[in-house]
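Asker: Before I ask anything, let me first share the structure, which is written out below as structure tokens.
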Amino acid sequence: MNLHEFQGKDILASYGVNVQKGIVATTADEAVEAAKKLNAETGTEWYVVKAQIHAGGRGKGGGVKLAKSLDEVRSISEEILGMMLVTPQTSKEGKKVHQVMIAEDVYYPGESETSEIYMSVLLNRETGRNMIMYSTEGGMDIETVAEETPDRIFTEEIDPKVGLQGFQARKIAFNLGLSGKAFKEMTKFVSSLYNAYEGIDASLFEINPVLKTSDDKILAVDAKVTLDDNGLFRHKDYAALRDKREEDPTDVEAGEAGLNFVNLDGNVGCMVNGAGLAMATMDIIKMAGGNPANFLDVGGTADAARVEKAFRIILRDDKVQAILVNIFGGIVRCDRVAQGIIDAYKNIEDINIPIIVRLQGTNAVEAKKMIDESGLKVHSAIALQEAADKVKELV
Amino acid sequence: MSVLVNKDSKVIVQGFTGSEGTFHAGQMIEAGTNVVGGVTPGKGGQQHLERPVFNTVSDAVKETGADVSIIFVPPAFAADAIMEAAEAGIKVIVTITEGIPVNDMVKVKEYLSDKDCVMVGPNCPGVMTPGGAKVGIMPAFIFNPGRIGIVSKSGTLTYEAVDQITKAGMGQSTAIGIGGDPIIGTSMKEAVEMLMNDPETDGIVMIGEIGGQMEANAARWIKENGTKPVVGFIAGETAPKGRTMGHAGAIVGGSEDTAQAKKAIMKECGINVVDSPAQIGETMAQLVGVKA
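Chains as they are written, first to last, in the numbering used here: chain A, 1 to 395; chain B, 396 to 687.
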């Protein structure tokens with residue numbers, strides 16, 4: 001589950017991570033109030049208005065702007081709130097901005113130069129351990145840094161037996177070229193950050209940039225926080241932070257019905273049990289000359305209600321010219337699935353595109369017979385190749 | 396001989412009296428598995444499915460000599476159950492549970508690193524040696540005792556491969572569902588290695604999917620050490636970048652973990668890569684000289 005910047009920063013701050021302070025607002029009036037409050041708390045006279053959406057590259061799309069007065073806070077907030085923000089990580093249409101964060105200006109001039117650092121915490125799947133990845137090249141796209149100057153990216157792996165150790169935090173601060181007060185602040189920053197990562201069952205932290213201010217403070221200017229969905233049962237309060245407006249509404253609806261659905265662009269819909277077989281079915285559609293319109297895993301219990309819901313969701317997309325149902329009945333009996341398909345088909349009534357049903361496994365022969373004798377415009381198959389050939393015929 | 400489990404395996408079920416555990420333990424017994432008992436804390440001393448229930452895994456091991464455990468414990472308690480099995484001396488731990496937090500698995504992996512046991516899963520269909528033991532949730536009737544080993548990240552796609560192998564006139568030595576989570580106990584390379592070293596396996600089917608480096612690692616190992624024909628398939632050629640496809644581990648991050656990249660590496664390493672999952676059975680039949 002992804003969080004907004006302001007939510008992520010609140011959580012990090014609760015673990016003692018130093019963050020750029022800010023207050024979230026949903027209207028221009030609230031934004032001005034937030035700015036006044038921030039001024040009273042921090043003394044900042046310039047403010048950064050930051051669009052809160054689940055996508056990176058917000059600055060490039062005009063979603064992050066500096067306001068040098070309360071009037072500018074108002075005018076910029078009015079401009080950003082409600083806009084469709086297009087960034088390199090959104091679709092062409094962009095994402096609607098529902099809220100902005102009014103943040104303190106932390107790039108003020110002072111005794112030393114400010115510098116931007118990149119830092120993330122994530123799982124190293126190769127070793128099964130968490131690691132901190134960091135670079136002196138902050139504020140940039142880390143993929144570009146990895147390509148052009150890979151020697152400027154460092155990693156530090158954490159031993160799960162003992163957690164992050166002091167020498168590791170020091171190593172990070174040394175590698176980042178810090179000294180004096182900034183060095184000390186960084187070791188504290190790294191330790192708190194890692195504590196937060198373990199404490200909240202995160203699956204990704206990306207802090208880009210971490211800023212060394214002109215007075216040698218270290219703070220998180222941005223925060224991309226992703227929580228491990230499987231760990232949410234331990235953090236009921238964080239589960240409430242989910243912003244469904246940021247997700248594809250069809251995906252959300254499917255999820256609530258127990259379906260794992262991802263909307264795609266093609267012309268052949270599919271309904272499958274199991275994630276691996278679902279991906280393989282999409283590949284088969286492609287090889288047969290079509291393009292998959294979706295990924296859909298109906299899970300272990302493909303009963304009539306779920307099948308009906310799945311059909312309805314797929315049929316909503318008018319690009320879909322055919323649907324391939326591919327169920328390998330192991331524990332699920334194919335005749336039950338067949339009955340579900342027949343019932344769903346009758347309930348929906350106006351299905352006017354061909355449906356290919358491939359049922360294999362327990363009671364597959366009986367299931368095929370049921371489909372063939374149902375009188376519906378449904379093509380049945382047992383072998384996978386047979387189903388692929390039928391898709392080819394129909395597309 | 397087969398690998399991991401066979402007719403001599405003494406199997407216990409952790410989460411024995413729950414609905415999942417009860418149903419699948421029944422199916423396992425029906426498939427001829429030697430289920431010697433189960434564990435449900437607080438229900439020790441009872442009988443379930445005509446077998447003894449124990450409070451702890453070590454009690455079960457002491458009383459029954461169990462050496463294999465299958466885990467159906469809910470996600471919040473599954474990490475604990477795995478470590479309990481390892482500590483009690485279980486040699487093969489098969490974790491079916493789906494949805495274990497990643498940070499729990501980080502600890503489990505570390506805990507198991509110096510224990511003398513193999514863990515398969517989590518979030519997997521289990522392990523089956525037809526005619527020997529089914530330690531999992533796969534439909535037993537599609538299997539046929541034989542000499543083809545199967546390794547796969549995905550459940551139903553494993554069944555697909557098993558079924559094709561059977562229908563093409565062959566059978567399976569052992570099928571291993573390794574699971575599709577970011578952290579798993581037995582990697583694809585380790586599973587392939589077991590089957591490569593098994594004198595009763597003549598060919599190996601290796602099924603992967605987008606995400607991670609596991610298939611590439613297995614392929615490189617096969618290039619150096621392979622002695623048997625391998626048929627490979629990678630699901631997710633059409634999956635878009637950056638979207639998770641069902642399994643927590645199935646996400647295309649970089650250029651290295653796409654289906655195309657993995658297939659190219661596998662081909663380079665001498666694996667017979669099929670583009671369509673419908674061709675797994677016939678391709679293997681040709682390689683081992685069986686008429687389909």
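Quick reminder that beta carbons are idealized off the backbone N, C-alpha and C, glycines included.
Buried or exposed: where does G239(A) fall if 16 or more other Cβ atoms within 10 Å of its Cβ makes it buried?
Answerer: In the sequence on display, residue 239(A) carries Ala and not Gly. Label assigned to A239(A): exposed.
Asker: Please list, in chain order, all residues of the same chain as I200(A) whose beta carbon is under 7 Å from its beta carbon, the five residues on each side excluded.
Answerer: I11, L227, H235, Y238
Asker: Using alpha carbons as the reference points, say which of Q52(A), A28(A), K37(A) lies closest to D222(A).
Answerer: Q52(A)
Asker: Taking Cβ-Cβ distances shorter than 9 Å, what residues in chain A pair up with D670(B)?
Answerer: Under the 9 Å cutoff, chain A gives D283, M287.
Asker: Secondary structure at A364(A), three-state DSSP: helix, strand or coil?
Answerer: helix
Asker: Closer than 8 Å, CB to CB, is L123(A) near chain B or not?
Answerer: yes
Asker: Beta-carbon separation of V503(B) and V463(B) under 8 Å?
Answerer: Not closer than 8 Å, so no.
Asker: Taking the straight line between their C-alpha atoms, what separation do you get for G607(B) and E41(A)?
Answerer: 46 Å
Asker: Can you have a look at T127(A) and say buried or exposed, based on whether 16 or more other CB atoms are within 10 angstroms of its CB?
Answerer: exposed
Asker: Given that M533(B) touches chain A, what residues does it touch there, using C-beta distances under 7 Å?
Answerer: G330
Asker: Cβ of M478(B) less than 8 Å from any chain A Cβ?
Answerer: no
Asker: Does the distance from the C-beta atom of A310(A) to that of L296(A) stay below 8 Å?
Answerer: yes
Asker: Per DSSP, what are the beta-bridge partners of T155(A) in this structure?
Answerer: M133(A)
Asker: Go through the stretch 187-264 of chain A residue by residue and report every complete run of the alpha helix (DSSP H) that reaches 4 residues or more, in order.
Answerer: 236-239, 249-256
Asker: Taking the alpha-carbon of I666(B) as reference, which of K618(B), K457(B), G676(B) has the nearest alpha-carbon?
Answerer: K618(B)
Asker: Taking any Cβ of chain B, which residues in the stretch 148-174 of chain A have a Cβ under 8 Å from it, in chain order?
Answerer: D159, P160, K161
Asker: Using 8 Å as the limit for Cβ to Cβ distance, is S397(B) near chain A?
Answerer: no
Asker: In chain order, what residues of the stretch 612-646 of chain B put their CB closer than 7 Å to some CB of chain A?
Answerer: A630, G631, E632, T633, A634, P635, R638, M640, G641, H642, A645
Asker: For C519(B) versus I485(B), is the C-beta distance shorter than 8 Å?
Answerer: no
Asker: Please confirm if Q608(B) has its CB atom under 8 Å from at least one CB of chain A.
Answerer: Chain A contact via Cβ: present.
Asker: Is it the case that the stretch 626-634 of chain B contacts the stretch 662-678 of chain B, given that we only count it when at least three CB pairs across the two stretches are under 8 Å?
Answerer: yes
Asker: Residue range of the alpha helix (DSSP H) that I545(B) falls in?
Answerer: Careful: I545(B) lies outside any alpha helix (DSSP H), inside the beta strand (DSSP E) at 540-547.
Asker: How should D71(A) be labelled, buried or exposed, when 16 other C-beta atoms within 10 angstroms of its C-beta is the threshold for buried?
Answerer: Looking at its Cβ environment, which holds fewer than 16 other Cβ atoms inside 10 Å, D71(A) is exposed.
Asker: Kindly say whether L552(B), judged by its beta-carbon, lies nearer than 8 Å to any beta-carbon of chain A.
Answerer: yes
Asker: At what residues does the beta strand (DSSP E) containing R446(B) begin and finish?
Answerer: Residue range 446-449 is occupied by the beta strand (DSSP E) that includes R446(B).
Asker: Grab me the residues of V395(A)'s own chain with a C-beta within less than 6 Å of its C-beta, minus the 5 sequence neighbours each way, in chain order.
Answerer: G289, G290
Asker: What's the gap between the Cα of L692(B) and the Cα of H4(A)?
Answerer: Absent from the model: residue 692(B). The displayed extent of chain B is 396 to 687, so no value can be given.
Asker: Just to check, is the beta-carbon of E113(A) closer than 7 Å to a non-hydrogen atom of the ligand ADP?
Answerer: Summarising the ligand content, the structure contains no ligands, and the ligand ADP is consequently not present.
Asker: Please classify M319(A) as buried or exposed, where buried requires at least 16 neighbouring CB atoms within 10 angstroms.
Answerer: A small correction: the amino acid at residue 319(A) is Lys; Met does not occupy that position in the sequence shown. K319(A) should be labelled exposed.
Asker: Report the residues of the stretch 85-101 of chain A with a CB closer than 8 Å to any CB of chain B, ordered along the chain.
Answerer: Per Cβ criterion, the list is empty.
Asker: Using only alpha-carbon positions, find the residue among R152(A), A278(A), S214(A), P209(A) that is nearest to C605(B).
Answerer: The sequence as given places Ile at residue 605(B); Cys does not occur at that position. The option with the nearest alpha carbon to I605(B) is A278(A).
Asker: Would you give the residue range spanned by the beta strand (DSSP E) that E116(A) belongs to?
Answerer: 115-124
Asker: Taking the CB atoms as reference points, tell me whether T451(B) and G410(B) lie closer together than 8 Å.
Answerer: no
Asker: With DSSP collapsed to three states, give me the class of T27(A).
Answerer: coil
Asker: Whole alpha helix (DSSP H) runs in the stretch 603-659 of chain B with 4 or more residues, listed along the chain?
Answerer: 609-620
Asker: I'd like to know if D350(A) contacts chain B, where contact means its C-beta is closer than 8 Å to some C-beta of that chain.
Answerer: no
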